[in-house]
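So the protein lines, in turn, are chains S and P. Per the working numbering, the very first residue in the first sequence carries number 428; after that it's consecutive. Per the working numbering, the very first residue in the second sequence carries number 7; after that it's consecutive. Glycine is no exception: its CB is placed at the ideal position from the N, C-alpha and C atoms. In what follows, a single structure is set out as structure tokens and then discussed.
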Amino acid sequence: NAGVMQNPRHLVRRRGQEARLRCSPMKGHSHVYWYRQLPEEGLKFMVYLQKENIIDESGMPKERFSAEFPKEGPSILRIQQVVRGDSAAYFCASSPNHLDTQYFGPGTRLTVL
Amino acid sequence: AQKVTQAQTEISVVEKEDVTLDCVYETRDTTYYLFWYKQPPSGELVFLIRRNSFDEQNEISGRYSWNFQKSTSSFNFTITASQVVDSAVYFCALSEAGGGNKLTFGTGTQLKVEL
């Protein structure tokens, strides 16, 4: 039973480019969460999605960031016009329902040059 | 608002020593869940344990044990006979039943186990 999968594992972008991070939840899980780990900081919640719905985006920056979880395919976290401050590890987690344990993927390390 | 405090930024021990990682939480919800995750040097996040607010029984899993005390809002984690492979950053986290399952993490405790 495969765990949560994220790709790419490492992503390098220049300032102003777009970054697309993908997350495939565990089999049977329909709830996806994105967290960001900035250098020297802890993990911060960004957004919570179910299939085709954003449930809670209270942790998402107001501009340049968006997330989706389509009916088919992985969840996507999209960062437009990246800046150096976006350099971080982005973790995706999934759970089978809204109260169950979240299991994390290996993360995507984004570096903005 | 929910908050998790891990006051110990870094702990160093010698192999085979016991070590306790502290976690103090704040929440207004009566139903909540507490977690510990491990982040080894390779960077992934590994789930260790989940506890709900109605279950104060201590838990033991091999060399790991957890002490949940609602009276002091603490959920401490003890590693017995530590090993070098235990070296990692350990995060305590909290979610509220009324909060949509989002996790609030502490800032983590870096544990270094040396020979």
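Tell me whether P/K9 sits in a helix, a strand or coil according to DSSP, three-state version.
Residue numbering aside, residue 9 of chain P sits at position 3 when the second sequence is read from its first letter. The answer is strand: DSSP assigns P/K9 an E or B state.
Is P/D24 helix, strand or coil by DSSP?
Along the second sequence, read from residue 1 onward, the residue named residue 24 of chain P stands at position 18. Coil, per DSSP.
P/T84 to S/E445, Cα distance in whole Å?
The residue labelled residue 84 of chain P in the question sits at position 78 within the second sequence. The residue labelled residue 445 of chain S in the question sits at position 18 within the first sequence. Those two C-alpha atoms are separated by around 43 Å.
Is S/Q529 close to chain P, meaning its C-beta is less than 8 Å from at least one C-beta of that chain?
As a working mapping, residue 529 of chain S is identified with position 102 in the first sequence. Answer yes: the Cβ-Cβ gap between S/Q529 and chain P drops below 8 Å somewhere.
Please list, in chain order, the chain S residues whose beta carbon lies closer than 7 Å to that of P/F111.
Within the second sequence, the letter at position 105 stands for residue 111 of chain P. Residues of chain S passing the Cβ test: G469 and L470.
Three or more C-beta pairs under 8 Å: does that hold for the region 468 to 477 of chain S against the region 102 to 116 of chain P?
yes
Within this structure, are the beta carbons of P/E25 and P/A99 separated by less than 8 Å?
As a first step, residue 25 of chain P must be located in the second sequence, where it is residue number 19. As a first step, residue 99 of chain P must be located in the second sequence, where it is residue number 93. A small correction: the amino acid at residue 25 of chain P is Val; Glu does not occupy that position in the sequence shown. 8 Å or more divides the Cβ of P/V25 from the Cβ of P/A99.
By how many angstroms is the C-alpha of P/L51 removed from the C-alpha of S/W461?
Position 34 of the first sequence, counted from the first residue, corresponds to residue 461 of chain S. Position 45 of the second sequence, counted from the first residue, corresponds to residue 51 of chain P. Taking the Cα positions, S/W461 is about 13 Å away from P/L51.
Can you list the residues of chain P that S/I482 reaches, using a CB-CB cut of under 8 Å?
Along the first sequence, read from residue 1 onward, the residue named residue 482 of chain S stands at position 55. Ordered by position in chain P, the residues that pass the 8 Å Cβ test against S/I482 are G106.
Quick one: what does DSSP say P/S77 is sitting in, helix, strand or coil?
By one-based count along the second sequence, residue 77 of chain P stands at place 71. Of the three classes helix, strand and coil, the one that applies to P/S77 here is helix, per DSSP.
What separation, rounded to the nearest whole angstrom, lies between the Cα atoms of S/K489 and S/H525?
Taking the first sequence and counting its residues from 1, one reaches residue 489 of chain S at position 62. Taking the first sequence and counting its residues from 1, one reaches residue 525 of chain S at position 98. Answer to the nearest angstrom: the Cα atoms are 24 Å apart.
How many whole angstroms separate the CB atoms of S/F518 and S/G500, which I take to be in contact at a CB cut-off of 8 Å?
Locating residue 518 of chain S in the first sequence gives position 91, counting from the first residue. Locating residue 500 of chain S in the first sequence gives position 73, counting from the first residue. Between S/F518 and S/G500, the beta carbon gap of about 19 Å keeps them out of contact (Cβ cut-off 8 Å).
Report yes or no: is there a C-beta of chain S within less than 8 Å of the C-beta of P/F81?
What you label residue 81 of chain P is simply residue 75 of the second sequence in a count that begins at 1. No, its Cβ sits nowhere closer than 8 Å to a Cβ of chain S.
For S/P497, decide whether its Cβ has a neighbour in chain P, counting only Cβ atoms nearer than 8 Å.
Locating residue 497 of chain S in the first sequence gives position 70, where the first residue counts as 1. Not an interface residue.
Suppose the cutoff is 6 Å on Cβ atoms and the five residues either side in sequence are ignored; what does the same chain contact list for P/S79 look like?
What you label residue 79 of chain P is simply residue 73 of the second sequence in a count that begins at 1. Answer for P/S79: V30 and Y31, listed in chain order.
Would the region 451 to 458 of chain S and the region 509 to 517 of chain S be scored as touching if the rule is three or more Cβ pairs under 8 Å?
no
Grab the span of the beta strand (DSSP E) containing P/C98 for me, first residue to last.
Translated into positions along the second sequence, residue 98 of chain P becomes position 92. Start and end: A94 to E102.
Inspect the beta-carbon positions of S/V539 and S/R440 and report whether they are closer than 8 Å.
Here the question's residue 539 of chain S lines up with position 112 in the first sequence. Here the question's residue 440 of chain S lines up with position 13 in the first sequence. Less than 8 Å separates the beta-carbon of S/V539 from that of S/R440.
Beta-carbon separation of S/E479 and S/F496 under 8 Å?
Translated into the one-based positions of the first sequence, residue 479 of chain S becomes position 52. Translated into the one-based positions of the first sequence, residue 496 of chain S becomes position 69. It is a contact, given that the beta carbons lie within the stated cut-off.
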